[in-house]
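Input: a single structure, listed below in structure tokens.
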Amino acid sequence: MPRREDIQRIMILGSGPIKIGQAAEFDFSGSQACRALRADGFEVILVNSNPATIQNDPEMADRIYIEPLLPDVVRRILEIEKPDALLAGMGGQTALNLASALAHDGSLARLGVELIGSNLATIDEAEDRDLFKQVCEEVDLPVADAHACSSIEEVLLAAERIGQFPLLIRPAFTLGGLGGGMAWNRGELVEIASQGILHSQIGQVLIEESILGWQEHEYEVMRDAADNCIIVCTMENIDPMGIHTGESVVVAPQQTLSDRDHQMLRDASLRLIRRLDIKGGCNVQFAFNQQTGEFVVIEVNPRVSRSSALASKATGYPIARMAALIAVGYTLDELPNPITGEGTTAAFEPTLDYCVVKIPRWPFDKFRTADRTLGTSMKSTGEVMAIGRCFEEAFLKAWASLEYGKPHPRPLTLADTSEGEGMGERAETPLPDETLEHWLRVATDRRMGALYEAFRRGWSIERVREITSITRWFLHKFQRMAATDNEVRSAGWASQDGEGGIEPSEISAAQMRRWKSAGMSDAHICDALADYPVHGLNLLPEGRGEDAVMRCRHSHSIHPVYRMVDSCAAEFAAITPYYYSTYEPHGLPGVDSVPQKRRIAADGDPARRLVVLGSGPIRIGQGIEFDYGCVHAVQAIREVGHEAIIINNNPETVSTDFDTSDRLYFDPLTLESVAEVLLREDADGILLQFGGQTAINLALPLDARMAHLNTLGLEMSLEGTSPDAVDEASDRERFEAFSKRVGLRMPNGLTGSTPEEVRAAAHEIGFPVLIRPSYVLGGRGMEILTNDDQLDAYMREAYIAPDKPLLCDEYLGHAIELDVDAVSDGEQVLIGAIMEHLEEAGIHSGDSTCFIPPQNVSEEVLAQVEEWTTKIGIGLKIIGCFNIQFAICDEKLYVLEVNPRGSRTFPFVAKSTGIPLARIAARVAIGSRLSDLEIPERTTGLVCVKAPVFPFIKLRGLDPAPGPEMKSTGEVMGSDPDPARAYLKARLATELPVPTTGGVYITVKDEDKEAIADVAGRLIELGFNLHATPGTAYALRAHGLTVEIAYRIAERQHPDALDLMRQGKINLVLNTPSKSGGAVLDGNMMRRLAVELNIPFVTTMSGAKMEVEAIAAAIDGIPEPHLLQVKYLD
Amino acid sequence: MKAAHGFSPGSGQRGVSNPYSGVDAADLLLDSADTELTSATGRGVLLLADGSRHEGILFGAPIIGEGELVFTTGMSGFQESLTDPSFAGQVLTFTWPLLGNYGVAPGISESSAVWPRGVVCREWIDHPDHRNCIGSVHDFLLAHNVPGITAVDTRAVTRRVREHGVILCMFGPLEQEEEMRNRLEGMTSPDLEDLVDDVSRDDAVLLNEGAKGNGGIPMPRIAALDCGIKHNILRELCKRFEVLWTPPDLAFDTLLDEYQIDALFCSNGPGDPAHAGKAFASRETLAAGLETKIPVMGICLGHQLLGLATGLETYKLRYGHRGANQPVVDLVTGKVSITSQNHGFAVNPRDTEPLAPHPIWQSQGAPEALSDAPTEVRFVNANDRTVEGLDVIGRPAFSVQYHPEAAPGPHDAAPLFDRFSEIVAKEMQDELPLSKRGVA
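Here the protein sequences line up with chains P and G, keeping their order.
Its first residue numbered 2, the first sequence is counted upward by one per residue in this note's numbering.
Its first residue numbered 31, the second sequence is counted upward by one per residue in this note's numbering.
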């Protein structure tokens, strides 16, 4: 069937902000769809509220709206744009739910917009749990015994009918399993099911018999309108049923099914998607009983998903691109296979000659109080993927990509029971066996490390199998890894007291090949040889560290070979420049170099090969923004004709789409793998400033290794800001000295390497102080402390060592905080934007709501900001991009910190001002002068607001209030000529309701009681009822305001705030948290409940004022959507 | 486990009182549990005729492996592949690097033996995990006296084959490298051997005798010419026919007169379809079948023989199609099936230059058409557009290059057996019986 000619304009919906359960994969799929459809001559209109995506870059779509993804807003945009069709399958559950709402309310029909890809009936049948069950039964496929319920009464009845616990609760139409879970008794059932009903878009949950211990398998399927079907990829979860697939460690292709088992599930997948009439990509999940060969269908996602992003990256098959083309009428056999090029079609099933492992990235390293237990709802923020020729290699590479601070599984000790940052003597004591068994039994982020540890301790396969129900095949692989690990360890000098043991330089070629092909990194080998010293491998003496292993390896001429991800196991010559590294046990010696000739750059010289480091998994503090930066850097490099090479390990991203760069290396972002890629490429330069802290942290180590790489013939430079300048900007003391020299003001700050020094520092500065560890991203461990008790408590938890001091800063109360993003070429500085934070200093900049242009800052101060920014850029010799945080306290400007890299606000700045900072920075970093570049004219006339999105709903145990430690997962943007309306759009885009009527609960700390009166008065004017705690209420009544008093929660009398909230009387909570006393717990419980009931709450005074403005604007109606006006360089 | 022992197609079929009981290759693992066999160990080397060498570790039987080096890209179904007689004469490289994850199971082999003359892989799994597993791939090779070499960079080997075409090879202990290299120089192509003779039956046997279909109607009888037939073809045929499992060279007249068959089937098999041995004899039987207008179906080698019988040429593909992901387009419906394939030769459509002309035709000229029935290309490979299936015009006959019986591989093409079954039913209705009709 040929391309449809009756469609010209297509609207694509994005997925909104990055949140748990919905990460960068939909930027990837949406971007592929945009590229594919535009290349085929369609006009694309894109709507997404997330400024940090590539898909809403000016060159990706014809018309772009950065607007809230709400039915009212999208309907209005449909009215304005009048597209012929709506493609919803690229924007995850968010887009699917929107399309479903607009179809059901008749808007699409009224406006003559056709839903393409999966149609309404398909969506309903796949998403509605009851209908789906019927569909499965119709085509004779087994499903678990389950009942769809819309009330707690029905839930209890269903439980009775199934007859046994545990039961699974699966809400309909939610993403990432939100509101689902497993209940072991009636109480849990009621609790989880009520959440599920609340969060389901249609108020429905499925109560399902649990099939604990069965295997979980996924099939990624494509189907076209002519009914051609293929399986793109199969995937098997290592974790048995009961854990959301997004939370599972996944292997592709499936490993433990025989051909008969596999064909049975393949047939079932095809039968199901034919019945559902899916056109495009979809994902079918099965539970499989390995003992009996029985299976049941779990669910179908009638759209591209995180799994399909993984499948795309695992096989090279561009699922989203093909799904988009199928949606406009093409059939699979008409489309060429973009991997192998001419002569092959997209109608084939990829076959792999390697093993892929995906591991989720969880935020528990930051959220230490959050409940780590994994289950049917998602908690991970992102994931990593690795490819190897054997399972062990893929697994260990994936592990190294996680960046938790342990690049390989180290023996578990008591220190791991808390945060695992060394922790002195605790690290000397091995983890007790009982704890280890518990970690194996209850799935958490620690389970994979525990598996490794159990086999290191010699536990039997059957014992671990008994505890975990994990398929034995995988357990054998873990056992194998532990055996190799033990082999290295016992060969080492440390375990033999130097007698007969070997040092890194003495590793034989045969040993090296064996260990490398078993997946061990150089760091892993040196650590094992040293018998895993308590203080980590970085403190190993010279000659025994990672560097020594590398030198020995190179002396044997052992390097990885690079294999193409070609979707056909080398059957056809592929054209896709997408590689992974591997060590073959009998590979050829020497560097496996890139065969192609260099192309000729714009200036007529041979192109330079420039490597851009990606940013790894999406995590708190390092999100999609950095991937955006990398993609822009690549575009900038290619623009001038050089070759851009990407190294990254995140399967969700646009940067790891094989046609983003000239060559893509899917490998860990470790010194070892980066160095090997540089050698293979014979690279001319590397750019570190776009991949966030991951990349910039490699600057110094890479610099140190450069001399050795030179001896292997590599002549290369670190492009942009020099490692020394990076260090000067990042090292507290050096930067202080610099500030003094050039006359910049900083808050008083001191460092301490011992608890005594820290205490002395705090006293010298005076409480309150801002305390944090050095060299961090996302403000980990940063807190504001007001007295000695808190300081003592902080230091009990913190890790302090001479090389890891604590920083103690003067806390600037009530300061306005500013963020500046800029580019410097060493002589001139281009300021992208100055952003004013809504919240006062003390809230992490990543969690703040910020405005372009600043709203409350004088021209004078702004001029000073510009002057200082220039001074810093030139003074620190920054070449490329940087970000500065300033504070204004009592009209005085302070520099808080400088980040010599791209920041997370770069895309927001680019979309607000039209200045593509990342791209300009990349051009500068590779040698252009700012004066040589054509800088687009700055967009003016709009106020642009960036607002954070938080994961509180997903993470129990986490205090839902922003603070100095970053907690948000993503952001949204709103813009309008009027600041209140711009803010309203951003607020709406965060997907929390903006109330226009109802009740407001107010409880503020003492110093805010006066200031809240204005806000409260305004709320009454707008028609709200006020409720308050006694203290706040008396203060308000003193201003003549009508307020109802509720008990404080701690008083245990009724009604308290929680009662009112549960009764639905509260639509907004204004609560500025106290730092001490009973109100701390009260506030926490109230915010927690607000999160669960989806009631918006505000925790700052400035936020409260803005919220009221937004409410006033909302009462006037939803502001008109704006077409994004910016245009980058042509 | 007993139930799955052996090969017994048609057991449990209505009307079958004495089902056939044959041997499954995995039986050897059940039967020979206490026999101690010596396995190959130590470093080995795989030598290719182009001069390249690939080191690895030996496993399986302690003998030299030699043959024509081919690769298969299927990710599952190793046991089915190893027991597929079409691999006779070849050394089989698995591109999927983890060989034998789920081990060997009873009752699912495709014949009674392991046919490749050697196995090349990246890693064989010594801890297979599956509810039906009775041994590892190593145990299986050892029991069938087939050598293997592992820890080989199979992707490098595959690329060699892709670039060079299928190539002669030899592998064994590192110490014997020089000796092997000398032997390899004098080695001749297995295509010259009568491989079909090696893998096929010598006597005819009737399977499914007395089987009844819907409504208690006796099933029609088909002769399945065994050129190296896969067990799953017999299983599929037994669902629809009384099956006379015959040697490939049984004369058509005998089939018709003595066995009173209603339809004719020609199986897959190894080697060159133009070989003058048993393959040629089969071709003659097929041609005679076409001439009498009896329903005829061919699979794989059977398809090539049908092509030859109708005067089409065959030629050797550079490196063949072996795997479970080959897309085939039906030129009539436009639909694509993902198919299981294992062939090194192909039929050349009339009026087209073959991609690589067969040496035989250069010396002897085009094959003599044994039947004047015209053919039409019905199926082509979506990738390289090679012929994947023929319809014989005006005759109830067709053939496909790929494997509708799967095993291993996807079931997309399974309806072809029904198509044939319907053809046979229709012929029997329309033209009334060649033999024992009258019951319907």
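By construction, the Cβ of each residue, glycine as well, lies at the ideal position given by its N, Cα and C atoms.
Handout entry: Endpoints, alpha helix (DSSP H) assigned at residue 874 of chain P
Key = 860-876
Problem - Contact list for residue 391 of chain P against chain G, beta-carbon separation under 8 Å - result: 127, 128, 152, 153
Exercise for the section: Kindly say whether residue 588 of chain P, judged by its beta-carbon, lies nearer than 7 Å to any beta-carbon of chain G. Expected result: yes
Exercise for the section: Compute the beta-carbon to beta-carbon distance between residue 453 of chain G and residue 303 of chain G, rounded to the nearest angstrom, for a pair I have assumed lies under 8 Å. Expected result: No, residue 453 of chain G and residue 303 of chain G are not in contact; Cβ-Cβ is about 23 Å, not under 8 Å.
Practice task
Check whether the Cβ atoms of residue 199 of chain G and residue 180 of chain G sit closer than 7 Å, and answer yes or no.
Solution key: no
Problem - Pairwise C-alpha distance: residue 266 of chain G and residue 244 of chain G - result: 16 Å
Handout entry: Test item: CB-CB of residue 841 of chain P and residue 815 of chain P under 7 Å
Key = yes
Practice task
Taking C-beta pairs closer than 8 Å, name the residues in chain P that residue 110 of chain G reaches, listed in chain order.
Solution key: 260
Handout entry: residue 412 of chain P versus residue 451 of chain P: straight-line alpha-carbon distance, rounded
Key = 9 Å
Exercise for the section: Rounded to whole angstroms, what's the CA-CA distance from residue 162 of chain P to residue 206 of chain P? Just pull it up for me. Expected result: 15 Å
Exercise for the section: Give a yes or no on whether 7 Å exceeds the smallest Cβ distance from residue 190 of chain G to chain P. Expected result: no
Exercise for the section: Please say whether residue 616 of chain P and residue 686 of chain P have beta carbons closer to each other than 7 Å? Expected result: no
Exercise for the section: Report the partner residues of residue 433 of chain P according to the DSSP bridge assignment. Expected result: In the DSSP output, where bridge partners are listed per residue, residue 433 of chain P has none listed.
Exercise for the section: Taking residue 85 of chain G as the query, report the chain P residues whose CB atoms sit under 7 Å from its CB, ordered along the chain. Expected result: 587
Practice task
Measure the alpha-carbon distance for residue 761 of chain P versus residue 73 of chain P and round it to whole angstroms.
Solution key: 57 Å
Handout entry: is_contact[residue 350 of chain P, chain G] using C-beta, thresh 7 Å
Key = yes
Handout entry: Alpha carbon of residue 319 of chain G to alpha carbon of residue 294 of chain G, nearest angstrom
Key = 7 Å
Practice task
Check whether the region 158-172 of chain G touches the region 182-192 of chain G, counting contact only when three or more Cβ pairs, one atom from each stretch, lie closer than 8 Å.
Solution key: no
Handout entry: residue 418 of chain P - DSSP class collapsed to helix/strand/coil
Key = helix
Exercise for the section: Give a yes or no on whether 7 Å exceeds the smallest Cβ distance from residue 194 of chain G to chain P. Expected result: no
Handout entry: Three-state secondary structure (DSSP) of residue 163 of chain P
Key = helix
Exercise for the section: Would you kindly work out how many angstroms separate the C-alpha atoms of residue 745 of chain P and residue 795 of chain P, rounded to a whole number? Expected result: 30 Å
Practice task
Name the two residues that bound the continuous beta strand (DSSP E) containing residue 882 of chain P.
Solution key: 880-890
Exercise for the section: Would you please verify whether the beta carbon of residue 228 of chain G is less than 7 Å from any beta carbon of chain P? Expected result: no
Exercise for the section: Look at the Cβ atom of residue 312 of chain P, then the Cβ atom of residue 221 of chain P, and state whether they are nearer than 7 Å. Expected result: yes
Exercise for the section: Find out if the Cβ-Cβ distance for the pair residue 129 of chain G, residue 108 of chain G is shorter than 7 Å. Expected result: yes
Practice task
Note down the Cα distance separating residue 187 of chain P from residue 247 of chain P, rounded to an integer number of angstroms.
Solution key: 27 Å
Problem - Beta carbon proximity, residue 254 of chain P to chain G, threshold 7 Å - result: yes
Handout entry: Continuous alpha helix (DSSP H) stretch holding residue 275 of chain G: start and end
Key = Element bounds for residue 275 of chain G: not the alpha helix (DSSP H) but the beta strand (DSSP E), 272-276.
Handout entry: 7 Å CB neighbourhood of residue 633 of chain P in its chain, flanking five on each side removed
Key = 917, 919, 920, 923
Exercise for the section: Count the other C-beta atoms from every protein chain shown that fall within 10 angstroms of the C-beta of residue 369 of chain G, then say buried if there are 16 or more, exposed otherwise. Expected result: buried
Handout entry: Where the region 507-525 of chain P meets chain G: residues whose CB sits under 9 Å from a CB there
Key = 518
Exercise for the section: Report the three-state DSSP secondary structure of residue 284 of chain G (helix, strand or coil). Expected result: helix
Exercise for the section: Jot down the residue ranges of each uninterrupted alpha helix (DSSP H) in the region 740-828 of chain P, minimum 4 residues, whole runs only, in chain order. Expected result: 756-766, 789-798
Exercise for the section: Determine the contact status of residue 16 of chain P and residue 29 of chain P, defining contact as a CB-CB distance below 7 Å. Expected result: no
Exercise for the section: Look at the Cβ atom of residue 213 of chain P, then the Cβ atom of residue 243 of chain P, and state whether they are nearer than 7 Å. Expected result: yes
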